[in-house]
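Okay, structure first, notes after.
Chains as they are written, first to last, in this note's numbering: chain E, 414 to 962; chain W, 414 to 962.
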């Protein structure tokens, strides 16, 4: 049997687009005399459709899409993911389903058993878990058809009390097909491969795995669909961060090592290179899917905005990214010079709008109300907010989307101005710690100096008061980031952190900063997710609370 | 047996506070010779603790709190809610539990079976569902101890395939105790009573129900704990929107109708009065629990900010709410006059800061970059954002929290300026449609004119360009709100709406406006939730999508 794996960049709710891409792949597979073509989980709707699933109209459009696709399944079978209504009286209204299409119609439907409901996942919000286990048969093959998480109840802390493959093995399937929506983080391609390999080895049958690719707002799908033989060897791996398509012959699997080169990253830079590719895809898809082409950002002379510019230029093209330099009386000359050096080096469009006069205008109006109180955060924030107003004015006038340039360390401790530098349609670096920002800058400069060296080496500063340095307010980034990582990604509490050797006073201070700034993060733009625990939909914290605060 | 119901306003993660309130209630019950005192679901942590539950440290603090409370349970028994660790290898790490405390220690633990995971609820994110059913015995009584949702699998669309009370009835319990965390919406007190009555009638035993009271950021708990007899009659109902405590004698239940007056609302105004009380509590608790006392808001001369001021004054006291009038060249004289009339009438502090000069300053800077394009949204938004900067500057300088004054109709269709009038720490009216804003204003004025009549009767306008009216850009609010209600609260799609008789072009336009403005709502403050479907944590929509858009 010839199987095709179709790794596609879907667009949530864009049925016309999704169906058209699926049908094109079916045509291509037909031309290649493929017997069965496999698409991803919830392919027709895109993933995650979230509360659109609560609309009957949306579900009907999904099912119409499946019917449209089925009509093209003559002389070929297809597996495609879609929500489906639960016909039973009791339980949730929907199942997360895999449809087997054959002879122009729906032949079989299988439901997802294990519904991820942690981190960014909310599947139990919508779907009833499957309780009936039956393989499918097509082209004379017995297939264990599973959906993403169904293969993930492994390891030393199993989340579920059931294992769908254990239930299906009685029926002697000859292969596993898994349709997935497994989003990227910088560890995920390794974890994912390990889990899939474990399944192929445990059940001693080959595994065909089809994932999504492309960005859905903050969620980045890296693709990496694969074929694993019954010994757990990866024979084929589809490209990462781009659409891809592969045909394989099941009868000739163990002999046919893929001729493709699996995308490798330079040793030691694997994580940084992956993050870079993921961010570029994230920015690009955000604009494409919204129908926008042009970005704007504030270029401060610091490393965060320089890195954001470099990523945006790669994603959108240099002519489509406008940098705005907005010096104040507190800006150092090198900030302007360094910014100019960068935009001129890459030949990017830019504008300079000094904010001194507007800032003075605000101060004149505010001074009578400030009761002679000393210069403080209020005045600092006014500067950041003036820049926010200017950027949004240009954005509104010309249809730019403002890119947010805050990094994860700042977002974590609240070192940023709400309605100022925290503005933007999309946060590019909000899941990248400051220490990783430096690694990314080095990575971008690995062949030629795109980001001026001085931007990388000078001490970070917000430049909102004379001679300000980040280090005036924050611990050294190396320590800060390590504590933040342990607290945010690893969910270590204060006792565990002190046990690791961190200073108790610093731990207490940082954890408090993280927790009391939840209100700021609540109002920030969606953040491209590259870590296993990003701020946003995957980390849900109370705002009004008193814990470690 | 004498049972006490303790209806308490907890504070998430504030163990010291929560334990202290619980122990005080136990002391009071001891003095009243109570045999069993009942507290709410997850009382020790507050509800919802959200991802704090993923921290071992947090769970340990919960369990320590339970132990501390148990020490006070000598000569009295107590039922108290807390998370507990799942000792099994498989399944999620926690249960949502009810602890029976007796003789100074934990005597029994029961786990929640039905885990709500819809709208604002995320319980399956954290908890393993219970699968073992056993009543508890205390004071010689057999009790079906259940937790909130455990009683809610009723009606014509049951969400779950199991019913915990059906499982427990074999063991012949004499009463049901249900500890709950059931948040307010303007329908909830009726729905809740119906469901509890249905349970008491179906199982023919009395029901003791203890709910939370108080606001947890956007979630408002209205209390209304109750005792229902075995015929489904509500005998006692605790106060709404405030802490309360009641002792009842189980042997004398059917004879002892409560002497308390259940809080009634004027006929026909029930919904509006409830919303008002809920919003006042929401604002008050937000400030109290964050340790703030003073609010600031922009008073535009329109009804939304006038209503927000009235609610804030009721919640925080008139001296603690600063109104700022910020007229521009586009402001009408009546806007300033109406605002002044209101603040003077209620003797509230205010400031006037004209924005003309700052606005001109921005225009001078922006003009060279605007390429002679006509005045449009860009200039309008600059004005709203200048006001945002001024309000935040005063907020930063003096420690005010900025109250957002946007209503739900505006939030729905994106009629508001991000980083301008959409700013704030808390949105007071973001779940109140414009037509309901008028009802609330009339309700507030029911005894004396607090909000000047002219503010209520004049046509709504953003006053960001000459002679602007809301009706230039939006359909009539009566139609707009009805379509929004059907789409948002009732999840009706375009076909259903047209079938209801709404104009197809208007439906299409409004649904598109709602969907394409998801990016704005993503960045808005938490919204006090008063409806069954508020923007925020209970409504999760993709941003980059193409559905009805």
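All residues carry an ideal CB built from backbone N, CA and C; glycine is no exception.
In this text the structure is predicted, and so the values were computed from the model without any measurement.
1) Count Cβ pairs between the segment 765–785 of chain W and the segment 802–810 of chain E that sit closer than 8 Å; are there 3 or more?
2) So, do the segment 710–719 of chain E and the segment 745–755 of chain E have three or more beta carbon pairs nearer to each other than 8 Å?
3) Do residue 457/W and residue 430/W have their CB atoms nearer than 8 Å?
4) Can you give me the C-alpha to C-alpha distance between residue 678/E and residue 625/E, rounded to a whole angstrom?
5) In chain order, what are the residue ranges of uninterrupted beta strand (DSSP E) at least 3 long that sit wholly in the segment 593–630 of chain E?
6) To which residues of the same chain is residue 856/E closer than 8 Å at the C-beta, ignoring the five residues directly before and after it?
7) Under 7 Å between beta-carbons, which chain E residues line up against residue 838/W? List them in chain order, please.
8) Could you tell me which residues DSSP pairs with residue 588/W in its beta bridges?
9) Taking only runs of the beta strand (DSSP E) that begin and end inside the segment 715–752 of chain W, which ones reach a length of at least 3 residues, in chain order?
10) Does the beta-carbon of residue 786/E have 16 or more other beta-carbons within 10 angstroms, so that it is buried, or is it exposed?
11) Quick check on DSSP: helix, strand or coil for residue 707/E?
12) Could you name the residues of chain E that residue 775/W contacts, counting a contact when the two beta carbons are closer than 9 Å?
13) Taking the straight line between their C-alpha atoms, what separation do you get for residue 774/E and residue 764/W?
14) Thinking residue 850/E and residue 820/E are a contact (beta carbons under 8 Å), I'd like their distance in whole angstroms, please.
15) Under 8 Å, Cβ to Cβ, is there at least one residue of chain W near residue 766/E?
16) Quick one: what's got a C-beta closer than 8 Å to residue 928/W's C-beta in the same chain, skipping five residues either side?
17) List the residues of chain W that residue 434/E touches, going by C-beta distances under 7 Å, in chain order.
18) Just to confirm my understanding: we take residue 862/E, look at its own chain, exclude 5 residues before and 5 after, and list those with CB closer than 8 Å. What are they?
19) Does residue 946/W pass the burial test, meaning 16 or more other C-beta atoms within 10 Å, or should it be called exposed?
20) Would residue 510/W and residue 500/W be called neighbours here (beta carbons separated by less than 8 Å)?
21) What does residue 721/W touch in chain E if you count any residue whose Cβ is under 8 Å from its own?
22) Just mark residue 517/W as buried or exposed, buried being the case when its beta carbon has 16 or more other beta carbons within 10 Å.
23) Do residue 956/E and residue 843/E have their beta-carbon atoms positioned less than 8 Å apart in this structure?
24) Name the residue from 579/W, 796/W and 729/W whose alpha carbon lies nearest to the alpha carbon of residue 743/W.
25) Taking the Cβ atom as the reference point for each residue, do residue 530/E and residue 536/E lie within a distance shorter than 8 Å?
26) Specify, as a first and last residue, the run of the beta strand (DSSP E) that residue 800/E falls within.
27) In the DSSP assignment, what residue or residues form a beta bridge with residue 551/E?
28) Quick one: is residue 894/E buried, meaning 16 or more other Cβ sit within 10 Å of its Cβ, or exposed?
29) Just list the residues that DSSP pairs residue 861/E with in beta bridges.
30) According to DSSP, what are the bridge partners of residue 491/W?
31) Answer with buried or exposed for residue 543/W, where buried requires no fewer than 16 other C-beta atoms within 10 angstroms of its C-beta.
32) The beta strand (DSSP E) spanning residue 418/E covers which residue range?
33) Run down chain W in chain order and give the residues with a C-beta less than 7 Å from the C-beta of residue 557/E.
34) Determine, using beta carbons only, whether residue 460/E and residue 507/E come nearer to each other than 8 Å.
35) Name the chain E residues whose beta carbon is nearer than 7 Å to that of residue 629/W?
36) Which residues of the segment 699–710 of chain W have a Cβ closer than 7 Å to any Cβ of chain E? Give them in chain order.
In short:
1) yes
2) yes
3) Not closer than 8 Å, so no.
4) Any reading at residue 678/E must be qualified, since the residue scores a pLDDT of 47, below 50, and its modelled position is unreliable; no value is offered.
5) Look at the segment 593–630 of chain E and you find these whole runs of beta strand (DSSP E), each 3 residues long or longer: 620–623 and 626–629.
6) 682, 685, 686 and 689
7) 932
8) 556/W
9) 734–738
10) With fewer than 16 other beta carbons inside 10 angstroms of its own, residue 786/E counts as exposed.
11) coil
12) 771, 774, 799, 802, 803 and 806
13) 18 Å
14) Residue 820/E and residue 850/E do touch by the CB rule: their CB atoms are close to 5 Å apart, below 8 Å.
15) yes
16) 954, 958, 960, 961 and 962
17) Correct list: empty, because the minimum Cβ distance to chain W is about 13 Å.
18) 758
19) buried
20) no
21) By Cβ distance, chain E contributes nothing, its closest Cβ being about 18 Å from residue 721/W, past 8 Å.
22) exposed
23) no
24) 796/W
25) yes
26) Run containing residue 800/E: none in the beta strand (DSSP E); it sits in the alpha helix (DSSP H), 790–811.
27) 554/E
28) buried
29) Beta-bridge pairing by DSSP links residue 861/E to no other residue.
30) 450/W and 514/W
31) buried
32) That run of the beta strand (DSSP E) goes 415–420.
33) Here the premise fails: no neighbours, minimum Cβ distance about 21 Å.
34) no
35) 955 and 957
36) Those would be 699, 702 and 703, in chain order.
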